[in-house]
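Asks: If you read the protein sequences in the order shown, they are chains G and D. In terms of numbering that gives the first Met the number 0, the first sequence is numbered consecutively and its last residue is 289. In terms of numbering that gives the first Met the number 0, the second sequence is numbered consecutively and its last residue is 325. Heads up, the beta-carbon is just placed ideally off N, CA and C, and yes, glycines get one too. Below: one structure in structure tokens.
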Amino acid sequence: MSWLQKLLPPKIQRSSGAARKTVPEGLWTKCPSCDAVLYSTDLERNLNVCPKCGYHERLGARERLDALLDAEGRFEIGEEVQPVDSLKFKDSRRYPERIAEAQAETGERDALVVMQGAIRSIGVVCAVFEFDFMGGSMGSVVGERFVRGVRTAIEEKLPFVCVSASGGARMQEGLLSLLQMAKTTAALADLDARRLPFISVLSDPTMGGVSASFAMLGDIVIAEPQALIGFAGPRVIEQTVRQKLPEGFQRAEFLLEKGAIDMIVDRRQLRERLAALLAMLQDLPVEQSS
Amino acid sequence: MTPQMKTTFLDFEQPIAELEQRIEELRYVQEDSAVDISQEIQRLTKKSQSLTKEIYAKLSPWQVAQVARHPQRPYLLDYLPMLFTHFEELHGDRHFADDASIVGGLARFNGQACMVIGHQKGRDTKEKILRNFGMPKPEGYRKALRLMNLAEKFGLPVFTFVDTPGAYPGIDAEERGQSEAIGRNLFAMARLRVPIIVTVIGEGGSGGALAIAVGDVVLMLQYATYSVISPEGCASILWRSQDKAPAAAEALGITAGRLKTLGLIDRVINEPLGGAHRDAQATGQSLRKALADVLRQLQDKKPKELVEERLERLMGYGKFKEGTGR
């Protein structure tokens, strides 16, 4: 850390874990959309949304949880569940090496962080994908943590919120990763039977095995602006159909127009909107405080 | 597939193909020859069989994938008359279209009414296009869901048959909610109050397969495959070259034997020597026996018990360790 960085205001309070950054090192960041040069701390305070053009950069799982949940009374669920290499999978590199590298890079043990807490005093269990951990891919650990989160929601009679950011299933776990789609979805069927709300928030990107399992099944499905959401990746589709994809294809706005999602919400308003929706679904009175 | 159709041989079967060719020639010669060469034919036929046995005893996962995709491999509609009677096909998702890559309908299994749902590939070019190469669009999955709900309503067991390269990756499929359609099926199958018996008969291609493959028992034909991604797809992502598909097939663990060892499927149904296409009738017989066994096990379970056991089974999928600290 340079002396200059030490002088910067402290980052948003973290619930736990090593300090990590979502913004490239250095004081200044260039917005990939409008090219505006931004003060990194400003961008971080703005939840990685460009203050000039509103472009939503990816946001780390813990930063997301910090932004969504009340500071008080949160604790993590399923942290103890950790990955193993059941297939002894090796491509150009061994799977354990890839895990170790992702763990070192992100400070996470796997690609999903689950917490029980509250959104503006409304109790909730919230699962958030860490895209920087192997592309937010879903393997056994993601599936198990998800299920433990849903189970806690059922036990505590709380709604469940999931913020997705994932390329899909984790190939290195073979068929076991595919079956996580069935596992996570089955857990939601249980939640559904108990009439507890499930809100699914789709951030950039939500693809493959994650989008084709629980992500589109929310009682309410919310997407972030411009998020890429779909089953097959754009490149695969282009190769299959051999034609140019339409403008804005598989973006949140496209999905809204096709009737696939309920709404698009700016990240900076997400906490308020979630609180309002959760309150109505559970027939709670209008919040007094603001 | 017609039985008299000439067998197509795969690359790794070339030694067998050459022998069979020789046998064919001798047979032709024998017809208008005074010399008795039937002994020679018999000898070569035996040799061909033992060679086939030898080659099939040590198939690599990639070779198994070739057998699973064999152009003459029996499809659902080939097995259907061997397994069921009184088949009444039901069409359409009631919203958009009828997707011919998924076939479904009412039928009888050993006299008992049931619902049959499965992927269907095409045999010739025209049918391949009609069936979209066995790659369903959302309307296909929604038809399957409609039929499953129908089965539940009338208390009929559901048999599903999996044979797809994957869900169709196309613009229209995305526009109509491919992801939602697949996810919705997983959700519904998790709690369907009738038995669901799944058999992977060919290719079990990823989410497109899983969308009709959540059940109480999962069977697999010996040379079928079931995988999160095709070996080619995996190779092009992780090895950055499709040529590495054999290595990817090995790493992914896509064969029935391997998946049985991993505890991800319940039972492997043996195929005739040289694969199901060498003797579809025999394969159908084995399949029929296995399905009867499984149905007997599930038949008397109460819906509640069935769903609870299915949920428990689904929750059991996963390999991880439990440690402390970060």
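#1: For residue 236 (chain G), would you say it is in contact with chain D, using Cβ-to-Cβ distances shorter than 8 Å as the test?
#2: Please report the distance separating the alpha-carbon of residue 215 (chain G) from that of residue 186 (chain G).
#3: In the structure shown, what three-state DSSP assignment does residue 38 (chain G) receive?
#4: Counting C-beta neighbours from all protein chains within 10 Å, is the total for residue 128 (chain D) 16 or more, i.e. buried, or is it exposed?
#5: Closer than 9 Å, Cβ to Cβ, to anything on chain G: give me those residues from the segment 146-166 of chain D, in chain order.
#6: Does chain G have any CB closer than 8 Å to the CB of residue 189 (chain D)?
#7: Let's see if you can read the secondary structure: which residues bound the alpha helix (DSSP H) around residue 33 (chain G)?
#8: With DSSP collapsed to three states, give me the class of residue 2 (chain D).
#9: For residue 72 (chain G), collect the residues of the same chain with a Cβ closer than 8 Å to its Cβ; drop the 5 residues on either side in sequence, then sort them by chain order.
#10: Any idea what DSSP makes of residue 202 (chain D), helix, strand or coil?
#11: Of all the options D:50, D:37, D:31, D:10, which has the alpha carbon lying nearest to the alpha carbon of residue 362 (chain D)?
#12: What are the boundary residues of the alpha helix (DSSP H) that includes residue 162 (chain D)?
#13: Could you give the DSSP three-state label for residue 134 (chain D): helix, strand or coil?
#14: Hey, could you find the ends of the alpha helix (DSSP H) residue 163 (chain G) is sitting in?
#15: Just curious, the beta strand (DSSP E) that residue 116 (chain G) is in, first and last residue?
#16: Grouping DSSP H, G and I as helix and E and B as strand, with all else coil, what is residue 196 (chain D)?
#17: Going by C-alpha to C-alpha distance, which of D:76, D:33, D:167 sits closest to residue 122 (chain D)?
#18: Buried or exposed: where does residue 136 (chain D) fall if 16 or more other Cβ atoms within 10 Å of its Cβ makes it buried?
#19: Is the segment 92-112 of chain D touching the segment 143-152 of chain D in the sense that three or more CB pairs, one from each, lie closer than 8 Å?
#20: For residue 315 (chain D), which residues from the same chain have a beta carbon less than 7 Å from its beta carbon, with the 5 sequence-adjacent residues on both sides left out?
#21: Please list, in chain order, all residues of the same chain as residue 112 (chain D) whose beta carbon is under 6 Å from its beta carbon, the five residues on each side excluded.
#22: Answer with yes or no whether the minimum CB distance from residue 154 (chain G) to chain D is below 8 Å.
#23: Compare the C-alpha of residue 140 (chain G) against each of G:93, G:177, G:61 and name the closest.
#24: Can you tell me whether DSSP reads residue 241 (chain D) as helix, strand or coil?
#25: According to a CB-to-CB cut-off of less than 8 Å, which residues of the segment 68-89 of chain G neighbour chain D?
#26: Would you identify the three-state DSSP class for residue 197 (chain G), choosing helix, strand or coil?
Replies: On the basis of the data shown:
#1: yes
#2: 15 Å
#3: Here residue 38 (chain G) carries a strand assignment [DSSP, helix/strand/coil].
#4: exposed
#5: 165, 166
#6: yes
#7: Taken as a continuous stretch (DSSP letters only), residue 33 (chain G) belongs to no alpha helix (DSSP H), as it is neither H nor E.
#8: Only weak support exists for where residue 2 (chain D) lies, its pLDDT of 48 falling under 50; the coordinates are left without a value.
#9: 116, 117
#10: strand
#11: What the structure shows of chain D is the stretch from 0 to 325, and residue 362 (chain D) is not part of that stretch, so it cannot be assessed.
#12: No alpha helix (DSSP H) holds residue 162 (chain D); the beta strand (DSSP E) holding it covers 157-163.
#13: coil
#14: No alpha helix (DSSP H) contains residue 163 (chain G), which is instead part of the beta strand (DSSP E) from 159-165.
#15: Counting along the chain, the beta strand (DSSP E) containing residue 116 (chain G) begins and ends at 111-118.
#16: strand
#17: D:76
#18: buried
#19: In this structure the segment 143-152 of chain D lies against the segment 92-112 of chain D, because at least three pairs of beta carbons, one per stretch, are closer than 8 Å.
#20: Short of 7 Å from the beta carbon of residue 315 (chain D), and not among the five residues preceding or following it, lies no beta carbon of its own chain.
#21: 155
#22: no
#23: G:177
#24: In the three-state DSSP reduction, residue 241 (chain D) falls in the helix class (H, G or I).
#25: Contacts with chain D (Cβ-Cβ distance below 8 Å) from the segment 68-89 of chain G involve 78, 79, 80, 81, 82, 83, 85, 86, 88, 89, listed in chain order.
#26: strand
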